[in-house]
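In my numbering, the protein residues as written are 1 to 176. The structure under discussion appears below in the form of structure tokens.
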């Protein structure tokens, strides 16, 4: 059994999180909670339950259940990892049509391609990112809104963290 407790304090916000994980045979069970679970009395806000089962079609499967009472949402998230470079994930919000299917391919350990299909919106989204040392360059395109976004993020121990982002709507020749 493993347990961890993490805390973070910044000028504008402080947070805490706790995780408890243990093995039950070949299944790994994990429960996580944030400070939102206990701040205003016990609640299910910030509570995450997950199950990792190696051996579903000989591939690792991770299922996560998240309930947020304030938003009145329950989310089920599943990820099937075929190999270190290929994985498929699905996220479903119970009681809605909000379901997203995503495939992720990592090429050479530094470039990631991620097509995503949103069943609720009947639309595709695409993302590509490239890691160069401490920097990550990412481009996303949402077909429904025709939004193209570019971002550059840096998470350096020496130079700090920043993330500039720009977005633009793509229009065709008729201006639509």
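Quick reminder that beta carbons are idealized off the backbone N, C-alpha and C, glycines included. None of the values given here were measured: they were computed from a predicted structure.
Assignment of residue 103 by DSSP, reduced to helix, strand and coil, places it in the strand class. In the structure shown, the three-state DSSP call for residue 133 is coil. In the three-state reduction of the DSSP assignment, residue 94 falls in the coil class, being assigned neither a helical nor a strand state. Note on geometry: alpha-carbon atoms of residue 168 and residue 140 lie some 11 angstroms from one another. For residue 85, the closest of 62, 61, 110 and 134 by C-alpha to C-alpha distance is 110. When DSSP states are grouped into helix, strand and coil, residue 122 belongs to the coil group. Excluding five sequence positions before and after residue 128, the CB atoms of its chain that fall closer than 6 angstroms to its own CB belong to 113 and 139, given in chain order.
Under DSSP, residue 170 takes part in no beta bridge, so it has no partner.
Going by C-alpha positions, residue 62 is about 22 angstroms away from residue 107. Straight-line spacing of the CA atoms in residue 137 and residue 148 works out to 14 angstroms. Annotation: residue 110 is outside any beta strand (DSSP E) and is labelled neither H nor E by DSSP. In this structure, residue 78 and residue 96 do not form a Cβ contact; the two beta carbons are roughly 17 angstroms apart against a cut-off of 8 angstroms.
Membership of residue 83 in the beta strand (DSSP E) is indicated by the continuous run 73-83.
For residue 151, the enclosing beta strand (DSSP E) stretches over residues 147-156. With a threshold of 16 other beta carbon atoms within 10 Å, residue 145 falls short and is exposed. When DSSP states are grouped into helix, strand and coil, residue 25 belongs to the coil group. In the three-state scheme derived from DSSP, where H, G and I count as helix and E and B as strand, residue 20 is classed as strand.
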